[in-house]
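Visitor: Mind having a look at this structure? Questions to follow.
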Amino acid sequence: MNLRSLTGIKPTGMPHIGNWLGAIKPALELTKTYDALYFIADYHALTITPAPEAMKNDTYSVAATWLALGLDPEKAVFYKQSDIPQVFELCWLLNCFTPKGFLNRAHGYKDKLAKNKELKKDPDEGINMGFYSYPVLMAADILLFSADVVPVGHDQKQHLEFARDFATRVNNFYQVDLFKLPEPRITENSQTVVGLDGRKMSKSYDNTIPLFCTEKQLKKITNRIITNSQDVEEAKDPDKSSVFLLHKIFLDDAQAEDVKKIYTAGGMGWGKAKSMLFETLNEQLKNPREEYNRLVADTVYLDEVLKKGAEKARAIAGPFLEKARKIIGVAS
Ligand code: ADP
Ligand code: TRP
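When we follow the working numbering, the leftmost residue of the sequence shown carries the number 52, and every step to the right adds one.
Given below as structure tokens:
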């Protein structure tokens, strides 16, 4: 049996370049050598309580993105988290082994608390229990399928540490080898991708470059990247420029060196830098964009793909959960 690679993406808006570099691209690479289980984390998205239409459309959008970028649903198990009831039963089991104080230390929760404090609001305002126990659900996603590696961006590192911790607690308590300890797969170039404003690119900061939009929109968005106010003649420091940092992602080493020289030589305005970035991006996204547009309109096909994937996933999840139920003493 091959080793397993597993990852999930939330349907909370159009996937962006950060998602592609941090999660999708490395995950696709792993399908060559691992058995892949890739899913749409819709019940994680529910923690921000989106409108039903948004939930539905964003789910199709994430599904079409994976397929347009090359995921083969015949080879990988590709499914929606909410179609796998065993995830939620396992989540409860893990909840009962999760010290509350542990979740108090979760980055997402702490960020929210800090923001509330800054705004002089009640510390727990806007924080539901789903959000609070988000890392437990994520651990259930991973441990249910005995994943060996989990390709994710740098920001998910703590969640993987939690999953390993929960797994160890349960294994130790029952003196069993039920859960496999998952390894995060954070490749060098999946370090955080910067957004239009220089912060981490994230849907929650509204600073993303979406993977698929019209050429015209892409041009407009790349023009919005914040730069300093240096004049055209001045030499620019490529490593301090979001425009270059984004451009570099799509270039090989030799190409990146060439572009660097243009920056450091002076005589290049930011408009020119942005248009070079746009050209590179557009060239690479042109074909998948067409495929995405075709797929996202074919919701019957997408439903069918996800349904078949869920059947395959449940065939793995069912027997595993049964084993867990016996170990904890609720089934014989
Ligand atoms: P967002 O922050 O936009 O809501 P998600 O939390 O849905 O993105 O992230 C989905 C996957 O993409 C995760 O594995 C995450 O680590 C990765 N990812 C998201 N943003 C970035 C980024 N700016 N750089 C690298 N990886 C990212
Ligand atoms: N928390 C991840 C994110 O925000 C999404 C996710 C949910 C996930 N379950 C997962 C990622 C399991 C990897 C494995 O990006």
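Yeah, the Cβ is synthetic: ideal placement off N, Cα and C, and Gly gets one too.
Consider the C-beta atom of alanine 74 and the heavy atoms of ligand 1; say whether any pair is separated by less than 6 Å.
Guide: The answer is yes for alanine 74.
Visitor: Determine the direct distance from the alpha carbon of leucine 118 to that of threonine 243, and round the result to whole angstroms.
Guide: Distance between the alpha carbons of threonine 243 and leucine 118 is about 24 Å.
Visitor: To the nearest angstrom, how far is the alpha carbon of glutamine 137 from that of asparagine 108?
Guide: Distance between the alpha carbons of glutamine 137 and asparagine 108: 25 Å.
Visitor: In whole angstroms, what is the alpha-carbon distance linking leucine 353 and leucine 346?
Guide: Leucine 353 and leucine 346: Cα-Cα distance of roughly 7 Å.
Visitor: Please find out if some non-hydrogen atom of ligand 1 comes closer than 6 Å to the beta-carbon of valine 203.
Guide: Because some heavy atom of ligand 1 lies under 6 Å away, the Cβ of valine 203 counts as near it: yes.
Visitor: So, asparagine 146 versus valine 187, is the Cβ gap smaller than 7 Å?
Guide: Their beta carbons are under 7 Å apart, which means asparagine 146 touches valine 187 by this criterion.
Visitor: Anyone know if the C-beta pair for glycine 246 and threonine 259 falls short of 7 Å?
Guide: Their beta carbons are under 7 Å apart, which means glycine 246 touches threonine 259 by this criterion.
Visitor: So the candidates are Asn167, Ala361 and Phe153; which of them puts its Cα closest to the Cα of alanine 127?
Guide: When each option's Cα is compared against that of alanine 127, the closest is Ala361.
Visitor: Quick one: grab the DSSP three-state call for proline 261.
Guide: The answer is strand: DSSP assigns proline 261 an E or B state.
Visitor: Would you tell me roughly how many angstroms separate the C-alpha atoms of serine 255 and phenylalanine 153, rounded to the nearest one?
Guide: The alpha-carbon atoms of serine 255 and phenylalanine 153 are separated by roughly 24 Å.
Visitor: Glutamine 335: buried (16+ other C-beta within 10 angstroms of its C-beta) or exposed?
Guide: So glutamine 335 ends up on the exposed side.
Visitor: Identify every run of the alpha helix (DSSP H) within the region 103-153, keeping only runs that are complete inside it and at least 4 residues long; order them along the chain.
Guide: Correct list: 103-119 and 136-146.
Visitor: Is glycine 49 near ligand 2, going by C-beta to nearest heavy atom under 6 Å?
Guide: Because the chain spans 52 through 383 in this model, residue 49 falls outside it and cannot be assessed.
Visitor: From Glu341, Leu57, Phe90 and Leu141, pick the residue whose C-alpha is nearest to that of threonine 84; which is it?
Guide: Checked all of Glu341, Leu57, Phe90 and Leu141; the closest Cα to threonine 84 is Leu57.
Visitor: Look at proline 339 and methionine 65 and say whether their C-beta atoms are less than 7 Å apart.
Guide: For proline 339 and methionine 65, no; Cβs fall outside 7 Å.
Visitor: At a threshold of 6 Å, does alanine 218 count as lining ligand 2 (C-beta to nearest heavy atom)?
Guide: No, Cβ of alanine 218 sits at least 6 Å from all heavy atoms of ligand 2.
Visitor: Does the distance from the CB of threonine 278 to the CB of phenylalanine 301 come in under 7 Å?
Guide: Not a contact, by the Cβ cut-off of 7 Å.
Visitor: Within the present structure, is the beta-carbon of alanine 92 separated from the nearest heavy atom of ligand 2 by less than 6 Å?
Guide: Answer for alanine 92: yes, Cβ within range of ligand 2.
Visitor: Where do the N-terminal and C-terminal ends of the alpha helix (DSSP H) with threonine 331 fall, by residue?
Guide: Taken as a continuous stretch (DSSP letters only), the alpha helix (DSSP H) holding threonine 331 covers 321-347.
Visitor: Kindly confirm or deny that the region 190-201 and the region 355-373 touch, where touching means at least three C-beta pairs closer than 8 Å.
Guide: Yes, they touch.
Visitor: Going by CA-CA distance only, name the one from Ala105, Gly320 and Leu88 that's closest to alanine 96.
Guide: Of the listed residues, the one whose Cα sits closest to alanine 96 is Ala105.
Visitor: Taking only runs that begin and end inside the region 166-250, name each unbroken beta strand (DSSP E) of 3 or more residues, in chain order.
Guide: Qualifying beta strand (DSSP E) stretches, in chain order: 200-202 and 234-236.
Visitor: Looking at the structure shown, is arginine 86 part of a helix, part of a strand, or coil, going by DSSP?
Guide: For clarity, residue 86 is aspartate in the given sequence; the question names arginine instead. The answer is strand: DSSP assigns aspartate 86 an E or B state.
Visitor: If you draw a straight line from the alpha carbon of leucine 120 to that of methionine 327, how long is it in whole angstroms?
Guide: Distance between the alpha carbons of leucine 120 and methionine 327 is about 23 Å.
Visitor: Determine the burial state of asparagine 70: buried for a count of at least 16 other Cβ atoms within 10 Å of its Cβ, exposed for fewer.
Guide: So asparagine 70 ends up on the buried side.
Visitor: Is it true that the CB of alanine 307 sits closer than 7 Å to the CB of lysine 299?
Guide: Contact: yes.
Visitor: Buried or exposed: which applies to methionine 180, given that a residue is buried once 16 or more other Cβ atoms fall within 10 Å of its Cβ?
Guide: With fewer than 16 Cβ atoms within 10 Å of its Cβ, methionine 180 is classed as exposed.
Visitor: So the beta strand (DSSP E) asparagine 57 belongs to, where does it begin and stop?
Guide: Correcting the residue identity first, residue 57 is leucine in this sequence and not asparagine. Note, leucine 57: beta strand (DSSP E), 55-60.
Visitor: Measuring CB to CB, does leucine 81 end up less than 7 Å from proline 202?
Guide: Cβ atoms of leucine 81 and proline 202: closer than 7 Å.
Visitor: Determine the direct distance from the alpha carbon of serine 253 to that of asparagine 274, and round the result to whole angstroms.
Guide: C-alpha separation (whole angstroms): 18 Å.
Visitor: What are the boundary residues of the alpha helix (DSSP H) that includes asparagine 274?
Guide: Here the alpha helix (DSSP H) through asparagine 274 covers 266-274.
Visitor: Just to confirm before moving on: does the CB-CB distance between phenylalanine 77 and valine 113 stay below 7 Å?
Guide: Here the sequence assigns proline to residue 77, which means phenylalanine is not the residue at that position. No.
Visitor: Helix, strand or coil for isoleucine 91? Go by DSSP, reduced to three states.
Guide: In this structure, isoleucine 91 counts as strand in the three-state DSSP scheme.
Visitor: Would you call the region 281-295 and the region 303-319 in contact, with 3 or more CB pairs under 8 Å?
Guide: At 8 Å Cβ cutoff, the stretches touch.
Visitor: Roughly how many angstroms lie between the CA atoms of valine 381 and leucine 164, to the nearest whole one?
Guide: One C-alpha to the other measures close to 37 Å.
Visitor: From the DSSP output, which residues share a beta bridge with histidine 67?
Guide: Paired residue(s): Pro261.
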